[in-house]
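UniProt numbering puts the first residue of the sequence shown at 1, with every later residue one more than the last. For reference, the structure is listed below as structure tokens.
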Amino acid sequence: ALLAHIPGKAIWIPDHTHTHRASRESLKMEPLADVAMLPGEERVIDKDIIYICPFNAAVKGKVFITNYRLYFKNTDSTPVTLDVPLGVISRIEKMGGASSRGENSYGLEITCKDMRNLRFALKQEGHSRRDIFEILFKYAFPLSHGMQLFAFLSQEKYEENGWNVYEAMEEYRRQGLPSSEWRVTFINKNYELCDTYPTILVVPYKATEEDLRRVATFRSRCRIPVLSWFHKENHAVIMRCSQPLVGMSGKRNKDDERYLDLIREANGTTKLTIYDARPNVNAVANKATGGGYEGDDAYQNAELVFLDIHNIHVMRESLKKLKDIVYPNVEESHWLSSLESTHWLEHIKLVLSGAIQVADKVSSGSSVVVHCSDGWDRTAQLTSLAMLMLDSFYRTLRGFQVLLEKEWISFGHKFASRIGHGDKNHADQDRSPIFLQFIDCILQNNVRVKTASLWSFVNSDTSLYINPFYTSESSRVLYPVASMRHLELWVTYYIRWNPRIQHQQQSPVEQRYKELLALRDQYLKKLEELQLSDSTHLTNSSTPNAATPNQHITHLQTPF
């Protein structure tokens, strides 16, 4: 549901019920016993097909398509299954034509967003791929066909409502806000100030509502500087915003200049540090389209630092290059030079390094302002990573959920545009792996009513996501090493489809630790049983000097 973030008005859904029923009856689909269907998931079509497996020979089997997934199972002796959620499909193309020659040259090629491509071959006679191509295209890209994403059709129920994980006021109170320097404003309660900001904002106590409106006129898309995180001890803050609208003529705005000075004064910082995520040359180029950056002459009490992180288009091309070298096979003889040529780890290093600078500055007592162009891509990466380093709460499972809801969703990261779920326009220039990069480094449409939250699913079994090595150290800043010598490719994500990697998914140390945790749980369960047994025994015993339950079981309390 995180990725089912759909801007715009409600979607009209035509009634295809009778068409689906008729097609299912005529196809006489086989039972799908191997897969547990999700509540709300419906079968659409089955088809005999050949999977061109890049790791084995061609595999004969049957493909099953539902309104949620593509599932392939072999029918010959080669044990191969594929379970592909339709949401990860980026592109579907026809491979070959009716007159194509060569074995398995006619079929479909599917490009996925999860670092793999899938190729299927069919018989050439009788336009055998027409029906499966049209149905798969329709259900993989429902928004392009006036249909709903599966998130709105799912009928799965959970004990916890994940939509309630993040409450803005509760989170600001946890940080120690409001205070004598910072106040909560509801000026954006109807999204009138900024339509991509949340309704609850924290701003300098001395800034009036009229000040905020004037500043909004000088910031791209009206995304004014607002507070993301407050350091309880030294009162330094992380502010986020978009670029100032300086333009080629070098415009100035006294209200914006004064507003940034109020931020600086709030904790007595002598110099306010402004971290511009962009390379200097890009920030200068943005002046041509009306944007720009905070110049020394206008913002005399501020220090401007460029972090050299490239834009969404550079990141998209970098990930494409990475995919080319990791799927389907890794060429080990030129691996290091090939990896370097993608620049992916270099980009990760720059994002991580920028976040470390932000965290270090705030930890030392200086307030910072972070922005890129519009303030919803690189800015979200930097603020959330810095907050993760500074605040141990965000390193807990619940806290991490709050961080994503707050810094990414509520502040308008364009999940729908960047990931393109349900949209057939695979070449859309707005596509970019910004959120993937953030994970690598560490609401519209009544979506809360019509879908289940991702956090409902995650919190239904938290043991799958808990790090057994986590320790809570609230006063300690976490400083990762952002050096190319220490950065590693996230192999279990980028190369996870390679059979050789699939056997190495978990480190031996982590596996052993989980085994110990399981053993501890067994002992604790046994301990409870003994306590219950002893309690029952003592109740029925008339011996005046009977030992207490605690005395009986003290020797079992093994420290872990």
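Positions of the beta carbon are idealized from the N, C-alpha and C atoms, including for glycine. Just so we're clear, the structure is a prediction, and the values are computed from it rather than from any experiment.
| query | result |
| --- | --- |
| Would you identify the three-state DSSP class for C53, choosing helix, strand or coil? | coil |
| Who are the near neighbours of S472 in its chain, counting only those whose CB is closer than 6 Å to its CB and skipping five residues on each side? | S392 |
| Just to confirm, are I132 and I110 a CB contact at a threshold of 7 Å? | no |
| Who are the near neighbours of Y68 in its chain, counting only those whose CB is closer than 7 Å to its CB and skipping five residues on each side? | L38, E41, P85, L86, F150 |
| What did DSSP end up calling W182 once you bin it into helix, strand or coil? | strand |
| What is the DSSP secondary structure of N74, reduced to helix, strand or coil? | strand |
| Between R213 and L193, what straight-line distance do the alpha-carbon atoms span, to the nearest angstrom? | 7 Å |
| Taking DSSP as the reference, what is the three-state secondary structure of N117? | strand |
| Got a sec? Which residues, its chain only, sit under 6 Å from L143 by beta carbon, not counting five neighbours each side? | G422, D423 |
| Rounded to whole angstroms, what is the Cα-Cα separation between Y158 and H413? | 26 Å |
| Using DSSP with H/G/I as helix, E/B as strand and the rest coil, what is K361? | helix |
| Can you tell me whether M147 is helix, strand or coil according to DSSP? | coil |
| Within a Cβ cutoff of 6 Å, which residues of the same chain sit near K9, ignoring the five residues on either side of it in sequence? | The predicted position of K9 is uncertain, since its pLDDT is 28 and thus under 50; no value can be drawn from it. |
| Report buried or exposed for P468, applying the criterion of at least 16 other Cβ atoms within 10 angstroms of its Cβ. | exposed |
| Under 7 Å between the Cβ atoms of residue 589 and V44? | Nothing about residue 589 can be reported from this structure: the residues present for the chain run from 1 to 560 only. |
| Just the Cα atoms here: how many angstroms apart are L272 and E181? | 16 Å |
| With DSSP collapsed to three states, give me the class of D255. | helix |
| Could you name the residues that DSSP lists as bridge partners for I274? | L304, V369 |
| Is the beta carbon of residue 572 sitting closer than 7 Å to the one on S384? | In the structure as shown, the chain starts at 1 and stops at 560, and residue 572 therefore has no counterpart that could be examined. |
| Okay, do the segment 360 to 371 and the segment 235 to 244 touch, 3+ Cβ pairs below 8 Å being the bar? | yes |
| Look at the alpha carbon of Y259 and the alpha carbon of E331, and state the distance between them as a whole number of angstroms. | 54 Å |
| Can you tell me whether P79 sits near the ligand MN, meaning its C-beta is under 6 Å from at least one heavy atom of the ligand? | The ligand MN is absent from the structure shown, which contains no ligands of any kind. |
| When DSSP labels each residue in this structure, what does G399 get in the three-state scheme? | helix |
| Under 7 Å, do Y465 and L397 count as touching if we go by C-beta distance? | yes |
| Identify the residues that DSSP records as bridge partners of M95: which are they? | G107 |
| Assuming contact is defined by CB atoms lying nearer than 7 Å, are E257 and Y299 in contact in what I supplied? | yes |
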